[in-house]
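Quick notes on the structure that follows.
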Amino acid sequence: MKDLTQGKPLKLIMQFAIPIMLGNIFQLFYSLADTRIVGSYLGESALASVGVTSSLNSMIIGFLIGVTNGFAIITARGFGAKDEAHVHRAVAGTFVLGIATSVVLTVVSVLFLPAILRILNTGEELMPLAVRYFRIILLGMTASMLYNVCAGLLRAIGDTVAPLVFLMISALLNVGLDILFVREFAFGVEGAAAATVLSQVIAFVASFCYLWRRYPILRVHKAECRLRADTVKELYATGLSVGFMGCFVSIGSVALQGAINSFGEHTIVAHTAARKITELFMLPFTVFGTTMATYSGQNMGAGRPDRIKKGLMQSILVVWCWCLFMLLAAYTAGEWLVSAVTATEEEDIIETAALYLRINTPFYAVPTVICLARNAMQGMGDSITPLISSAVELVGKVLVAVVFSGYFGYMAVIWSEPVIWILMVIPLLVKLFGNPLLREKRLP
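Heads up: the sequence shown begins at 6 in the working numbering, then just goes up one per residue.
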């Protein structure tokens with residue numbers, strides 16, 4: 006366990022963030038492995054079929070993971086306040102509400118999957134493979150949620166090393182199973198999906214056994230699973246806020262995916278590759294954002310908002326340094342990265358994806374502030390301002406998909422994110438600079 010309420014903020018944040026960074030790299034490896042192996046052994050049509058589901062995947066599963074990450078913030082606050090009873094109630098509620106939410110989402114999404122893909126302009130030639138691939142991913146949604154519950158709870162009490170170890174093992178298994186199922190057994194796109202789900206099941210089992218044996222404070226018993234109304238309200242207030250924050254982002258991406266799908270197979274593959282590389286480039290945004298949520302939650306519980314402001318400012322400066330390196334990578338190695346991710350030799354695919362990277366990376370300073378500020382605010386208990394910022398992104402992407410893509414084609418998609426980022430950051434900066442808590446030394 007690690008107490009983030011004592012000691013130098015940046016040192017604590019870096020110690021907390023580095024294992025999360027390594028874990029996210031391996032988690033991204035899941036997705037990159039699917040992309041590379043499907044592209045190498047099944048061809049570009051199969052890769053496009055997987056690609057058309059990527060934004061929908063982020064929306065549905067990302068919402069569920071966001072909800073459970075929001076639940077973990079409540080555990081972090083209780084831990085920071087040294088209130089074990091509060092921690093026990095939060096942990097029990099996290100498991101019960103997480104399972105209930107995932108079951109409902111699984112049933113609804115599997116039933117309506119073909120209809121949703123058609124709304125997204127998925128070509129009929131891609132539909133069968135896309136449905137077969139994504140149906141398996143959706144049926145494994147609960148396994149993904151349960152692993153993220155365990156990882157979130159461990160991080161809430163300051164343990165970021167154990168989730169990293171389990172995820173590393175799982176990621177290596179995922180690559181091995183991908184090759185086994187796709188290349189050796191010729192299971193097709195279903196094999197890639199099954200490999201991802203099975204590796205997540207293993208990650209959950211290992212992390213839950215460790216959590217139960219190592220940390221008595223996180224153990225729950227049958228009587229504690231009968232949740233009080235105030236516990237449900239507290240968990241869902243933060244959980245749904247974080248979930249919808251990510252969902253708004255993903256709905257906008259789904260709307261854009263519908264426009265992208267109408268541009269043809271090569272554009273779909275190029276956008277899929279560009280987004281995979283962007284996920285790698287933006288890893289520190291997510292990592293420090295996750296760290297800020299726990300750091301802010303613990304310090305808010307301990308009555309130290311002054312430490313939140315200092316940690317937030319120092320973290321932004323660190324991530325801005327990373328952005329400079331990614332700008333250099335986009336302009337010197339963009340084409341090579343696209344080719345490495347997709348295994349394609351099509352020049353128009355490589356050039357389109359590289360153009361996306363060169364236009365987006367100069368603006369990375371803005372989403373750095375967005376990611377870190379939103380998570381810090383969630384940790385402090387502000388659930389509204391991050392939602393407003395995410396709603397701006399949703400509206401902007403829908404406008405691009407419905408209006409501007411018809412006039413400017415894929416260039417409208419490429420330029421949409423930098424413009425939307427600038428609009429999104431405005432409500433966050435207004436609220437941050439006007440927040441009286443961040444001027445307080447210590448709460449009474």
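From the three backbone atoms N, C-alpha and C, an ideal C-beta is built for every residue, glycine too.
None of these values were measured; they are calculated from a predicted model.
Three-state secondary structure (DSSP) of residue i
i, result
"F192", "coil"
"V187", "helix"
"N153", "helix"
"P197", "Position check: residue 197 holds Ala in this sequence, whereas Pro was assumed. A197 falls in the helix class under three-state DSSP."
"A86", "coil"
"V166", "helix"
"L448", "Low confidence applies here, because L448 scores a pLDDT of 47, under 50, leaving its location unreliable and the question unanswered by this model."
"L223", "helix"
"T127", "coil"
"L27", "helix"
"V11", "One point to set straight first is that residue 11 is Gln, not Val, in the sequence displayed. Here Q11 sits in coil by DSSP."
"G56", "helix"
"L182", "helix"
"L232", "coil"
"G452", "This structure cannot speak to residue 452, because the chain is shown only from 6 to 449."
"S45", "helix"
"G103", "helix"
"I212", "Residue 212 is actually Ser in this sequence, not Ile. Reduced to three states, the DSSP call for S212 is helix."
"F117", "coil"
"F268", "coil"
"G75", "helix"
"G145", "coil"
"G439", "coil"
CB of residue i within 8 Å of CB of residue j, strictly
i, j, result
"M305", "M385", "yes"
"I3", "N29", "Absent from the structure is residue 3, since the part of the chain shown begins at 6 and ends at 449."
"I66", "S175", "no"
"A358", "A417", "no"
"V343", "I282", "yes"
"I419", "L377", "no"
"N266", "V108", "no"
"T80", "L27", "no"
"Y369", "M331", "yes"
"P372", "M250", "no"
"E351", "H276", "no"
"I375", "S394", "yes"
"A307", "G128", "no"
"A199", "S388", "no"
"V247", "G71", "yes"
"R140", "L122", "no"
"T299", "R188", "no"
"A335", "R309", "no"
"G244", "F31", "no"
"A111", "L144", "The sequence given here has Thr at residue 111, not Ala. Yes. Within cutoff."
"L240", "M146", "no"
"G181", "F190", "no"
"Y220", "I273", "no"
Beta-carbon proximity list for residue i, same chain, < 6 Å, skipping 5 on both sides
i, result
"T295", "I25"
"P449", "Unreliable placement is indicated for P449, whose pLDDT of 45 sits below 50; no coordinate value is reported for it."
"T488", "The structure shown has nothing for residue 488, since the chain only spans 6 to 449."
"P423", "F368"
"F268", "Y415"
"L17", "L9"
"Y361", "A279, I419"
Sequence-distant residues of the same chain with beta carbon closer than 8 Å to residue i, five excluded per side
i, result
"L232", "R94, A97, G98, V101, L102"
"S421", "L261, G401, K402, V405, F409"
"T73", "T99, G103, M150, N153, V154, G157, G244"
"G439", "none"
"K436", "M382, D387, T390"
"M19", "V323"
Proximal residues to residue i (C-beta, below 7 Å), its chain only, five neighbours per side dropped
i, result
"Y152", "Q205, A208, F209, S212"
"V194", "V43, L47, A51, S54, V55, L134, R137, Y138"
"A381", "M297, S301, I313, L317"
"P367", "L332"
"H91", "G83"
"C230", "A97, V101"
"A22", "V292, F293, T296"
"K315", "P14"
Residue i beta carbon near the ligand FMN (any heavy atom closer than 7 Å)
i, result
"Y361", "This structure does not include the ligand FMN; it has no bound ligands of any sort."
**Prompt:** Which full runs of the alpha helix (DSSP H) of 4+ residues lie inside the region 351 to 435, going along the chain?
**Reply:** 352 to 365, 370 to 385, 389 to 404, 410 to 413
**Prompt:** Which residue spans inside the region 272 to 349 form an unbroken alpha helix (DSSP H) run of at least 4?
**Reply:** Those alpha helix (DSSP H) runs which fall completely within the region 272 to 349 and span 4+ residues are 288 to 306, 310 to 347.
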